[in-house]
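Position one of the sequence shown corresponds to residue 207 (our numbering), numbered consecutively onward.
All C-beta atoms, glycine included, are put in the ideal place defined by N, C-alpha and C.
Here the structure is a predicted model, which is why all the values come from computation and not from measurement.
Worksheet: one structure, shown below.
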Amino acid sequence: MESEHVRQEVYCITIKGHLDSEWSDWFDGLNITMVDNGETILSGPIVDQTALHGVLIKIRDLGLPLLSLMRTETGRENESNPLVRQEEEGRGG
207 MESEHVRQEV YCITIKGHLD SEWSDWFDGL NITMVDNGET ILSGPIVDQT ALHGVLIKIR
267 DLGLPLLSLM RTETGRENES NPLVRQEEEG RGG
């Protein structure tokens, strides 16, 4: 039962606008991927719902529009970010 509480959920959060990788520390170490269409994807493990809300508050405080929030498989970091893959497939790449 203890291991269930230690497990982190992995999230992909898409926002409108570009943030460079220097913001990663401020966003609790999430990976930051800029997409050619003017969006940014924040991805990685988030320890719990409180931490997730903290990330969302930071996005709000920066005035960046939230476009999507997706929980991916538990405990598995995005080998190739699924949202980035969707973007590449949508562009024909």
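- request: Pick helix, strand or coil for G250, following the three-state DSSP scheme.
  value: strand
task: Identify which residue in E215, G223, V216 has its Cα closest to the Cα of L268.
output: G223
query: Exposed or buried, which one is G250 when buried takes at least 16 other CB atoms within 10 Å?
result: buried
- request: Enumerate in chain order the residues of its own chain whose CB-to-CB distance from Q214 is below 6 Å, with the five nearest sequence positions on each side excluded.
  value: P251, V253
message: Which residue marks the beginning of the beta strand (DSSP E) containing V216, and which one marks its end?
response: 215-222
- request: Assuming D234 contacts V261 (C-beta within less than 8 Å), just tell me the rounded distance between them.
  value: 7 Å
- request: Provide the residue span of the beta strand (DSSP E) that contains T239, from first to last.
  value: 237-240
Unbroken beta strand (DSSP E) run spanning L273, endpoints: 272-277
- request: Let me know if E245 comes out buried or exposed under the rule of 16 or more other beta-carbons within 10 Å of its beta-carbon.
  value: buried
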